[in-house]
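Visitor:
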Amino acid sequence: MSGGDDVLLRASAAGETIRAMAAITTGVAEEARCRHGTYPTATAALGRTLTAGLLLGSTMKSEDGLSIELVGDGPLRRILVTTSGGGRVRGYVSRPATHLPSKNGKLDVAGAIGGGWLCVMRTQPWNKEPYRSVMKLVSGEIAADITHYLATSEQIPSATALGVFVNADGSVGAAGGFLVQILHGATADLAELVERNVAALPQVTSLIQSGAGPDDILAGVLAGLHVRRIFEEPVCFACSCSRERVLGALLLLGTEEIEDMIRKDGKASVRCEFCAEEYTVGDSELRMLIRDAAGFA
Ligand SMILES: [Zn+2]
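Numbers in the working numbering are just positions in the sequence shown, counted from 1, shifted up by 57.
#1: Could you check where the beta strand (DSSP E) with C176 kicks off and where it finishes?
#2: Measuring alpha carbon to alpha carbon, tell me which of G110, L103 and V229 ends up nearest V146.
#3: From M58 to S228, what distance separates their C-alpha atoms?
#4: Report the option in M117, G339, I265 and A232 whose CA atom is closest to the CA atom of E88.
#5: Starting from G168 and walking both ways along the alpha helix (DSSP H), at which residues does that stretch end?
#6: Among residues of its own chain, excluding the 5 on either side of P291, which ones have a beta-carbon nearer than 7 angstroms to its beta-carbon?
#7: Whole angstroms are fine: how far does the CA of T180 sit from the CA of N254?
#8: Considering only residues of the same chain and omitting the five flanking positions on each side of R328, which have a CB-CB separation below 8 angstroms?
#9: Between T262 and V195, which are expected to be in contact by the criterion C-beta below 8 angstroms, what is the C-beta distance as a whole number of angstroms?
#10: DSSP has G131 in a bridge; who is on the other side?
#11: To the nearest angstrom, report how far apart S69 and A325 are at their CA atoms.
#12: Could you tell me which of S210, A79, T116 and I347 sits nearest to L316, measuring between CA atoms?
#13: What are the boundary residues of the beta strand (DSSP E) that I199 is part of?
#14: Identify the residues that DSSP records as bridge partners of Y96: which are they?
#15: Going by other Cβ atoms of all chains shown within 10 Å of its Cβ, with 16 needed for buried, is D226 buried or exposed?
#16: Taking just the CA atoms, how far does V191 sit from N161?
#17: Would you decide whether G60 is buried or exposed? Buried here means 16 or more other CB atoms lie within 10 Å of its CB.
Listed below in structure tokens is the structure:
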């Protein structure tokens, strides 16, 4: 469950007019599955969105934050993924026990999400208002929705592939993806070449299962071009929750609420939505919080 082999590579080609990222996220998707107990269709949906978060997140400045939210009328209801860069991503789905019959031999992620909305939010430390764009889902398979978002909201023609292969026992066999963007100044021939390359590639999970790393994936995406590696970094599922934050959140509930918890259960149990970590705050610690609250009042 360590996901130690997970890695993201960012590269460019054709004199910086093409930007491309590829990531192996098998460990990330498997850790998310273990933490949230997702069923195969939910595992694929969450794994794809986590990968999208890492790929988009790698284009941000180090202080920025990014969240990807999908809300649909299908059984899965909602997926939320956030990253603050550095190869760290976290996320959850509303209904982890979602599994649908496969469609054309593939996990039916679009069916699990249904019709709905994609919301991408970017936060910057110097900007109080986050940059938010909300758009109707065009496919529900996530990769096409991310491509649509990039084309309409950021005006960047892109191709996105996201894949999660789930083993017969429910564990993640392979996960990863790539994102290639045609930036200003690229010629139409160049865009066509990349389009042909992408169309000719096998499924990204097949590549990963046969041992391909991010370099191999980008070599396929950018075949015929000189690839310049920009950086490679390890990626992982990581949450920013902590015991201190949980205590802070309890403190905000106020003394009455905390006294109520002491009377009823003698403790407080808090579960982090993003990573499913359980925090138990005992009687004596809760009493200490009440004293702190009194001190602040
Ligand atoms: Zn957490």
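Just so you know, even glycine gets a beta-carbon here, dropped at the ideal spot from N, CA and C.
For clarity, every value in this text was computed on a predicted model and none was experimentally measured.
Guide: On the basis of the coordinates in this document:
#1: Looking up residue 176 in the sequence shown gives position 119. That run of the beta strand (DSSP E) goes G173 to Q181.
#2: In the sequence shown, residue 146 corresponds to position 89, counting from 1. Answer by Cα proximity: G110.
#3: Position 1 of the sequence shown holds residue 58. Position 171 of the sequence shown holds residue 228. With a pLDDT of only 43 at M58, under the threshold of 50, the placement of this residue in the model should not be trusted; the figure read from the coordinates follows. When rounded, the distance between both Cα atoms is 10 angstroms.
#4: Counted from its first residue, the sequence shown places residue 88 at position 31. The residue with the shortest Cα to Cα distance from E88 is A232.
#5: Stepping through the sequence shown from its first residue, residue 168 is reached at position 111. Run containing G168: V166 to I170, per the alpha helix (DSSP H) assignment.
#6: For the purposes of this step, residue 291 is taken as the residue at position 234 of the sequence shown. So the list reads D63, V64 and G144, once near-sequence residues are dropped.
#7: On the sequence shown, residue 254 is found 197 positions in, with the first residue counted as 1. On the sequence shown, residue 180 is found 123 positions in, with the first residue counted as 1. Whole-angstrom Cα-Cα distance: 33 angstroms.
#8: Residue 328 sits at position 271 when you count from the first residue of the sequence shown. Taking R328 as the centre and dropping the five residues before and after it, the same chain places the C-beta of E334, E335 and Y336 closer than 8 angstroms to its C-beta, in chain order.
#9: The residue labelled residue 262 in the question sits at position 205 within the sequence shown. The residue labelled residue 195 in the question sits at position 138 within the sequence shown. Not really, about 22 angstroms apart at Cβ, beyond 8 angstroms.
#10: Translated into the one-based positions of the sequence shown, residue 131 becomes position 74. Residue pairing from DSSP leaves G131 without any beta-bridge partner.
#11: Counting from one through the sequence shown, the residue named residue 69 turns up at place 12. Counting from one through the sequence shown, the residue named residue 325 turns up at place 268. Spanning the alpha carbons of S69 and A325 requires a straight line of approximately 50 angstroms.
#12: Translated into positions along the sequence shown, residue 316 becomes position 259. One point to set straight first is that residue 316 is Glu, not Leu, in the sequence displayed. Out of S210, A79, T116 and I347, the CA that lies nearest to the CA of E316 is found in I347.
#13: Position 142 of the sequence shown, counting from 1, holds the residue named residue 199. In the DSSP annotation of this structure, I199 is not part of any beta strand (DSSP E), being labelled neither H nor E.
#14: Taking the sequence shown and counting its residues from 1, the one referred to as residue 96 is at position 39. BP columns for Y96 are empty, so no partner.
#15: Indexing the sequence shown from 1 puts residue 226 at position 169. If you draw a 10 Å sphere on the C-beta of D226, you find fewer than 16 other C-beta atoms in it, and that means exposed.
#16: Your numbering for residue 161 matches position 104 in the sequence shown. Your numbering for residue 191 matches position 134 in the sequence shown. Going by the C-alpha atoms only, they are around 30 angstroms apart.
#17: Within the sequence shown, the letter at position 3 stands for residue 60. The predicted model places G60 with a pLDDT of 45, which falls under 50 and marks its position as unreliable; any figure quoted below should be read in that light. With 16 or more other Cβ atoms from the protein chains shown falling within 10 Å of its own Cβ, G60 counts as buried.
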